[in-house]
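There are 2 protein chains.
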Amino acid sequence: ATERPEALLLVMPTDHAIPDVDAFRAAVAAGVPRAVAGQIVTFGVRPDRPETGYGWIEVRGAPVDGVAQRVERFVEKPELARAEAMLAEGRYLWNAGIFLVSAKTLVAAVTAHAPDLIEPVGEAVAEARGDLDFLRLSEGPWSGVRDISIDFAVMEKAANIEVIPLGTAWSDLGDWNAVWRENGGGIVTQGAVTAIDCEGSLLRSEVGGQHVVGIGLQDLVVVAMPDAVLVADRARSQDVKTAVAQLKAKAVRQAEVFPRDHRPWGWFETLALADRFQVKRIVVKPGAALSLQSHVHRAEHWIVVSGTAQVTVGEDVKLLTENQSVYVPLGAVHRLANPGKVPVVLIEVQTGAYLGEDDIIRYEDIYARGDEQGPKR
Amino acid sequence: ATERPEALLLVMPTDHAIPDVDAFRAAVAAGVPRAVAGQIVTFGVRPDRPETGYGWIEVRGAPVDGVAQRVERFVEKPELARAEAMLAEGRYLWNAGIFLVSAKTLVAAVTAHAPDLIEPVGEAVAEARGDLDFLRLSEGPWSGVRDISIDFAVMEKAANIEVIPLGTAWSDLGDWNAVWRENGGGIVTQGAVTAIDCEGSLLRSEVGGQHVVGIGLQDLVVVAMPDAVLVADRARSQDVKTAVAQLKAKAVRQAEVFPRDHRPWGWFETLALADRFQVKRIVVKPGAALSLQSHVHRAEHWIVVSGTAQVTVGEDVKLLTENQSVYVPLGAVHRLANPGKVPVVLIEVQTGAYLGEDDIIRYEDIYARGDEQGPKR
Chain A
1 ATERPEALLL
11 VMPTDHAIPD
21 VDAFRAAVAA
31 GVPRAVAGQI
41 VTFGVRPDRP
51 ETGYGWIEVR
61 GAPVDGVAQR
71 VERFVEKPEL
81 ARAEAMLAEG
91 RYLWNAGIFL
101 VSAKTLVAAV
111 TAHAPDLIEP
121 VGEAVAEARG
131 DLDFLRLSEG
141 PWSGVRDISI
151 DFAVMEKAAN
161 IEVIPLGTAW
171 SDLGDWNAVW
181 RENGGGIVTQ
191 GAVTAIDCEG
201 SLLRSEVGGQ
211 HVVGIGLQDL
221 VVVAMPDAVL
231 VADRARSQDV
241 KTAVAQLKAK
251 AVRQAEVFPR
261 DHRPWGWFET
271 LALADRFQVK
281 RIVVKPGAAL
291 SLQSHVHRAE
301 HWIVVSGTAQ
311 VTVGEDVKLL
321 TENQSVYVPL
331 GAVHRLANPG
341 KVPVVLIEVQ
351 TGAYLGEDDI
361 IRYEDIYARG
371 DEQGPKR
Chain B
1 ATERPEALLL
11 VMPTDHAIPD
21 VDAFRAAVAA
31 GVPRAVAGQI
41 VTFGVRPDRP
51 ETGYGWIEVR
61 GAPVDGVAQR
71 VERFVEKPEL
81 ARAEAMLAEG
91 RYLWNAGIFL
101 VSAKTLVAAV
111 TAHAPDLIEP
121 VGEAVAEARG
131 DLDFLRLSEG
141 PWSGVRDISI
151 DFAVMEKAAN
161 IEVIPLGTAW
171 SDLGDWNAVW
181 RENGGGIVTQ
191 GAVTAIDCEG
201 SLLRSEVGGQ
211 HVVGIGLQDL
221 VVVAMPDAVL
231 VADRARSQDV
241 KTAVAQLKAK
251 AVRQAEVFPR
261 DHRPWGWFET
271 LALADRFQVK
281 RIVVKPGAAL
291 SLQSHVHRAE
301 HWIVVSGTAQ
311 VTVGEDVKLL
321 TENQSVYVPL
331 GAVHRLANPG
341 KVPVVLIEVQ
351 TGAYLGEDDI
361 IRYEDIYARG
371 DEQGPKR
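Protein chains in written order, with my numbering: chain A, 1 to 377; chain B, 1 to 377.
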C-alpha cells in the first residue's frame, strides 16, 4: 500500500465455482475504471432461489451486466420470507464475496471505519519475513488484531461502494450441500464408493484404500478423509463449523492439524501412528532442505522411494537414492536436503516413546525458523 | 469321527453374546446324556420380541429350562405376523445356532440326509495338513463340496433332534443393529467419535487417527474401518451381506481381503499403499518363522519396533532388536524369524514397481507351504 498506493487488489474466495471465466473477466474489467476512480467494487450474482445462507445486496434499479451501481444496503443471511420477497423484487443480488479496490482506497476505508486495525496490521506487515513462496506476517502484532470480517468492518459502512453483476453462473462451494447441488443432486459419489438404495446423498472417499459403502441413506453427506469421517444430514452441512468448534473444545487433534502439513521445503503426512512408532511420507522440493536438527525421544529411519536425498547424520554426509535408507539414532544431529532436480519422496519410520512434532532441537535453518516457538521441523 | 466316534462335539457361533456362563454350562450339561443317547441337541432362547431375522423352533409343550424336548418343526425367518403369533403362543424358542452331538450321530445324520457331502469332506480331512494351531483341509476336495448350511442339510430333516432352553440372556451380534441394541440403544459410540444432535445411532471409529463426526443423524449405523466405511440405515443392517455381494461383483478388493492377514507365524497389515511403496506392520509370534523367500520386483526394509528378530539375508544371519533395521535388496534370499519369548513387531517398507503378495519365491517353509499356489508369505 505504501509502495504502490494506486495498485488494484482483486480479492477472491477460494471455494467459489465460476465456470464461465470470460464472463467473469468481463465483469472485473468493467470494475477497473470504477476502482481506479476510488470506488470499492463488489460483484453480485443474480439469485435463482430464496437462499438464506448468503448475504444479499440491494441496488436501486434493475441490475445490468457490466454496469456498476451504487450499493443501497447489505442484507446478511435473511429469514426465508425476506429472501423470498427479495427474490421476487428483482433488485437484489447475492454478495459473491469478491471485490476490487485500490490499495489507497482500502486503507482509507479501514482508517475511516475500523481505525484500530491499522496499527497492528501495519506492524505485522512491516515485520513480516519471506519464506520461499510465502510472506509470513509477524505473529506478535498479528495475534493482537481484532477478529472481524472485512464485510462487517468496512464494506457495510463504506459509502463509496458499488456492485457489478457477474453475468454468469456462480456457486459458493462453502459447504457439502452446495457441492452436492453443484454436482446435479441425486446420488453424487466420488472415489471408491458403493451406494445401495440411497437418495439425495453425497458420498465421497478421499482415502486410497478405504471404500465407502452407503445402504438405504436419505439426504446425507458422507465424506471419508484420512483423519476424519463426516456423516451429516445434508440440511445440516453448515453445522460442520459447530462440529469443528466442539472438536477444538475437546482438544481433538484433527480440529487443528491438517493431515498433510506444508512447510517451506515441501510437505509431510502421517501414514500410520501407533504406540511407539509413526510412519510418515515426506516430500522435499528440489533445492530445499530441512533444518539441522536432533530429537531427544525418537530415532528415525529414512527410506528413499524416489529422487536423491543428501543426508547428514553427525559428521557423515551422503547421497541416498531410490531404495536406499539411513538410520538416524536418538540424539544424532541430522539434516535432510534435496540437491537434485526432482522431488525427493521418502518414508520416515520414527520409533520411540514420544513422537510429537515438538520433540525437535533446531541448530540451523535456511528458512530462519530457529527463533520461533512451537511444532515445526 | 473314525478315531473317536463317541466324542461329543459342541458347535458354537463366534458372534453370540451369552453373559451368564454358568447358566450356559448348565444347559450344555443337561444336553450331554441326550447327545450320548444319540440325539442331536440344539439350544433355544426364549423370545422377547417378534424377531423376523432369526430361525424359530416349535416344541410340543411349554419349554422348561434344562429339559430336552423333541423339536416339532423349524420356522426360518418368519413374516412379522407369524412371529407375533409364535411369540404370543409361548411354545416357540429362537434357534441359537448352538448344537451338541456325537461324532457318529452327526456322520449318520449327514449320511442319511445329505449323502453327497460325505465323500469330498472325508477326502478334505484325510488329506488335511497341520499348520501350527490350524488344521488345513485339503483345498481340492473341499472346494468341490456343495455350499449348504448344516441347518438346511441336516437339522431340518433329522428326526432325532431335541432342544434345551438356554435359561439365560442371549444375543446374536450378527449385525450392527444388534450391537446397537445390546449396547442399550440411543447413541452408542466407540472410539474417536463426536455425535452432534444424533438419535438412535451407532457410531464407531476402528481406525486410530480417524475421528468420526455425526451431525443430525437418525437411526443410522456408521462404522469406520481401516479399509472401509459403512453408513447404513439401522433397519437395513442385514443388507450388509447384499453390499458385500455387490462389492465382490465389482471386484472390490475389500470384499475378499481382510486388512489384517493371519498366518501360521503371526499376522500382518497394510498401513499405507501408494505408487511404488507399501508400508506394513508385521507381528511374528515367539518361536515362529516366515519362509525362506525372495522377490523379483521389490526390495524390503525392516525396522524392528519391539522384540528381537533373527534376520537372514543371503549368507548373513543376525539378530535385530528395537530400533535396528535391515535392507533386503531385490532378489536377495531372506528369512525373518522370532527366536525370542515376546512377539516381534516390525515395520516393513516395500519399494518397487510391483508390490503384490504373489511376488514371492519360497525356498523352505516350516509350515510346508512350498507346494501351494496363491498369495502366501
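Even for Gly, the Cβ is constructed at its ideal location relative to N, Cα and C.
For clarity, every value in this text was computed on a predicted model and none was experimentally measured.
Report the neighbours of B:Gln69 on chain A: residues whose CB is nearer than 7 Å to its CB, in chain order.
-> Translated into positions along the second sequence, residue 69 of chain B becomes position 69. Here the premise fails: no neighbours, minimum Cβ distance about 39 Å.
For A:His301 and chain B, any beta-carbon pair shorter than 8 Å?
-> The sequence position of residue 301 of chain A within the first sequence is 301, counting from 1. Residue contact with chain B for A:His301: present (Cβ-Cβ distance below 8 Å to some residue of chain B).
Where the alpha helix (DSSP H) through B:Trp265 begins and ends | Numbered from its first residue, the second sequence carries residue 265 of chain B at position 265. Judged by DSSP secondary structure, B:Trp265 falls outside any alpha helix (DSSP H); it is assigned neither H nor E.
Answer with buried or exposed for B:Arg335, where buried requires no fewer than 16 other C-beta atoms within 10 angstroms of its C-beta.
-> Residue numbering aside, residue 335 of chain B sits at position 335 when the second sequence is read from its first letter. Label assigned to B:Arg335: buried.
Three-state secondary structure (DSSP) at A:Cys250?
-> As a first step, residue 250 of chain A must be located in the first sequence, where it is residue number 250. A small correction: the amino acid at residue 250 of chain A is Lys; Cys does not occupy that position in the sequence shown. Looking at A:Lys250 - three-state DSSP - the assignment turns out to be coil, as it is neither helix nor strand.
Just the Cα atoms here: how many angstroms apart are A:Gly186 and A:Val45?
-> Within the first sequence, residue 186 of chain A is the residue found at index 186, counting from 1. Within the first sequence, residue 45 of chain A is the residue found at index 45, counting from 1. Each residue's Cα considered, the two are about 25 Å apart.
Considering A:Leu9, what are the terminal residues of the beta strand (DSSP E) in which it resides?
-> Locating residue 9 of chain A in the first sequence gives position 9, where the first residue counts as 1. For A:Leu9, the enclosing beta strand (DSSP E) has its first and last residue at 8-11.
Residue closest to B:Leu106, alpha-carbon to alpha-carbon, out of B:Ser294, B:Glu139, B:Ile215, B:Leu8 = Position 106 of the second sequence, counted from the start, is the residue given in the question as residue 106 of chain B. Just measuring C-alpha positions, the residue of B:Ser294, B:Glu139, B:Ile215, B:Leu8 sitting nearest B:Leu106 is B:Leu8.
Using the beta-carbon count (16 or more within 10 Å), is A:Arg234 buried or exposed?
-> The sequence position of residue 234 of chain A within the first sequence is 234, counting from 1. Counting Cβ neighbours within 10 Å, A:Arg234 comes out buried, since at least 16 surround it.
Rounded to the nearest angstrom, how far is the Cβ of B:Val41 from that of B:Ala62, given a contact under 8 Å?
-> In the second sequence, the residue the question calls residue 41 of chain B occupies position 41. In the second sequence, the residue the question calls residue 62 of chain B occupies position 62. Rounded to the nearest angstrom, the Cβ distance from B:Val41 to B:Ala62 is 19 Å, too far for a contact under 8 Å.
Could you work out which residue in A:Ile98, A:Val179, A:Met155 is closest to A:Glu72 when comparing CA atoms only?
-> Your numbering for residue 72 of chain A matches position 72 in the first sequence. For the residues A:Ile98, A:Val179, A:Met155, the minimum Cα distance to A:Glu72 belongs to A:Met155.
Give me the Cα-Cα distance between A:Pro375 and A:Glu357, rounded to the nearest whole angstrom.
-> Position 375 of the first sequence holds residue 375 of chain A. Position 357 of the first sequence holds residue 357 of chain A. Bear in mind that a pLDDT of 42 at A:Pro375, under 50, signals an unreliable position, so the number given afterwards is only what the model happens to contain. If you take the alpha carbons of A:Pro375 and A:Glu357, they lie about 5 Å apart.
Pick from B:Ile215, B:Phe99, B:Asn177: whose alpha carbon is nearest that of B:Leu202?
-> Taking the first residue of the second sequence as 1, we reach residue 202 of chain B at position 202. In terms of CA proximity to B:Leu202, B:Asn177 leads the group B:Ile215, B:Phe99, B:Asn177.
Cβ-Cβ separation, A:Trp302 to A:Val283 (assumed contact under 8 Å), whole Å = The sequence position of residue 283 of chain A within the first sequence is 283, counting from 1. The sequence position of residue 302 of chain A within the first sequence is 302, counting from 1. Actually they are not in contact, since the Cβ atoms of A:Val283 and A:Trp302 sit about 13 Å apart, beyond 8 Å.
Stretch-stretch touch, CB-based, cutoff 8 Å, three pairs: the segment 256-264 of chain A with the segment 306-321 of chain A | No: the two stretches stay apart, fewer than three of their Cβ pairs being nearer than 8 Å.
Boundaries of the alpha helix (DSSP H) in which A:Asp22 is found, first to last residue = The count along the first sequence starts at 1 and reaches residue 22 of chain A at position 22. Taken as a continuous stretch (DSSP letters only), the alpha helix (DSSP H) holding A:Asp22 covers 21-36.
Nearest chain B C-beta to A:Asn338 closer than 8 Å, yes or no?
-> Within the first sequence, residue 338 of chain A is the residue found at index 338, counting from 1. With 8 Å as the cut-off, A:Asn338 does not count as an interface residue toward chain B.
Check whether the segment 290-304 of chain A touches the segment 269-276 of chain A, taking contact to mean three or more Cβ pairs, one atom from each stretch, closer than 8 Å.
-> Result no; under three Cβ-Cβ pairs closer than 8 Å.
So which of B:Ala153, B:Gly90, B:Ile98 has the shortest CA-CA distance to B:Asp116?
-> By one-based count along the second sequence, residue 116 of chain B stands at place 116. The shortest C-alpha separation from B:Asp116 is found at B:Ala153.
Name, going along the chain, the residues of the segment 292-324 of chain A whose beta-carbon falls closer than 9 Å to a beta-carbon of chain B.
-> Within the segment 292-324 of chain A, the qualifying residues are Ala299, His301, Ile303, Val304, Val305, Ser306, Glu322, Asn323, Gln324.
Evaluate contact between the segment 208-216 of chain A and the segment 183-197 of chain B, counting only Cβ atoms and requiring at least three cross-stretch pairs below 8 Å.
-> Between the segment 208-216 of chain A and the segment 183-197 of chain B, the count of Cβ pairs shorter than 8 Å is below three; the stretches do not touch.
State the Cα-Cα distance for the pair A:Ala96 and A:Asp147, rounded to the nearest angstrom.
-> Looking up residue 96 of chain A in the first sequence gives position 96. Looking up residue 147 of chain A in the first sequence gives position 147. About 21 Å.
Name, please, each residue of chain B whose Cβ falls closer than 7 Å to the Cβ of A:Ala353.
-> Within the first sequence, numbered from 1, the residue matching residue 353 of chain A stands at position 353. Proximity of chain B to A:Ala353 at the Cβ level (cut-off 7 Å) is not reached, the minimal Cβ distance being about 11 Å.
Just mark A:Asp371 as buried or exposed, buried being the case when its beta carbon has 16 or more other beta carbons within 10 Å.
-> As a position in the first sequence, residue 371 of chain A is number 371, starting the count at 1. With a pLDDT of 45 at A:Asp371, under the threshold of 50, the modelled position of that residue is not reliable, and no figure is offered here.
Residues of the segment 177-197 of chain B whose Cβ lies closer than 8 Å to any Cβ of chain A, in chain order = Within the segment 177-197 of chain B, the residues whose Cβ lies closer than 8 Å to any Cβ of chain A are, in chain order, Ala192, Thr194, Ile196, Asp197.
Can you name the residues of chain B whose CB is closer than 8 Å to the CB of A:Ala243?
-> Residue numbering aside, residue 243 of chain A sits at position 243 when the first sequence is read from its first letter. Those are Thr194, Ile196, Val213, Ile215, listed as they occur along chain B.
Within-8 Å CB hit, A:Ala289 to chain B = Position 289 of the first sequence, counting from 1, holds the residue named residue 289 of chain A. Chain B, which has no Cβ nearer than 8 Å to the Cβ of A:Ala289, makes this no.
Look at the alpha carbon of B:Gly167 and the alpha carbon of A:Thr52, and state the distance between them as a whole number of angstroms.
-> For the purposes of this step, residue 167 of chain B is identified with residue 167 of the second sequence, where counting begins at 1. For the purposes of this step, residue 52 of chain A is identified with residue 52 of the first sequence, where counting begins at 1. C-alpha separation (whole angstroms): 59 Å.
Mind checking who B:Glu182 pairs with in its DSSP beta bridge?
-> The residue you call residue 182 of chain B lines up with position 182 of the second sequence. Bridge partners of B:Glu182: none, in fact.
Classification of B:Asn183 by the beta-carbon crowding that lies within 10 angstroms, buried from 16 upward | Against the second sequence, residue 183 of chain B aligns to sequence position 183. Exposed, because fewer than 16 other Cβ atoms sit within 10 Å of the Cβ of B:Asn183.
State the CB to CB distance for the pair B:Ala289 and B:Ala337, rounded to an integer number of angstroms; the pair is presumed to be in contact (CB under 8 Å).
-> On the second sequence, residue 289 of chain B is found 289 positions in, with the first residue counted as 1. On the second sequence, residue 337 of chain B is found 337 positions in, with the first residue counted as 1. Between B:Ala289 and B:Ala337, the beta carbon gap of about 4 Å places them in contact (Cβ cut-off 8 Å).
Proximal residues, the segment 259-287 of chain B versus chain A, C-beta separation under 8 Å | Closer than 8 Å at the C-beta level to chain A, one finds these residues of the segment 259-287 of chain B: Thr270, Leu271, Ala272, Leu273, Ala274, Arg276, Phe277, Val279, Arg281.
Indicate whether B:Pro5 and B:Ala128 have their beta-carbon atoms separated by less than 8 Å.
-> By one-based count along the second sequence, residue 5 of chain B stands at place 5. By one-based count along the second sequence, residue 128 of chain B stands at place 128. Between B:Pro5 and B:Ala128, the gap from beta carbon to beta carbon reaches 8 Å or more.
Between the segment 214-229 of chain A and the segment 235-247 of chain B, do three or more beta carbon pairs fall short of 8 Å?
-> Cβ pair count under 8 Å is three or more, so yes.
Can you give the Cα-Cα distance for A:Pro50 and A:Leu80, rounded to whole angstroms?
-> Looking up residue 50 of chain A in the first sequence gives position 50. Looking up residue 80 of chain A in the first sequence gives position 80. A:Pro50 and A:Leu80 have their C-alpha atoms some 7 Å from each other.
For B:Leu292, which residues of its own chain have a beta-carbon under 8 Å away from its beta-carbon, when the five flanking residues on both sides are left out?
-> Taking the first residue of the second sequence as 1, we reach residue 292 of chain B at position 292. These residues qualify, in order along the chain: Thr312, Val333, His334, Arg335, Arg362, Tyr363, Glu364, Asp365.
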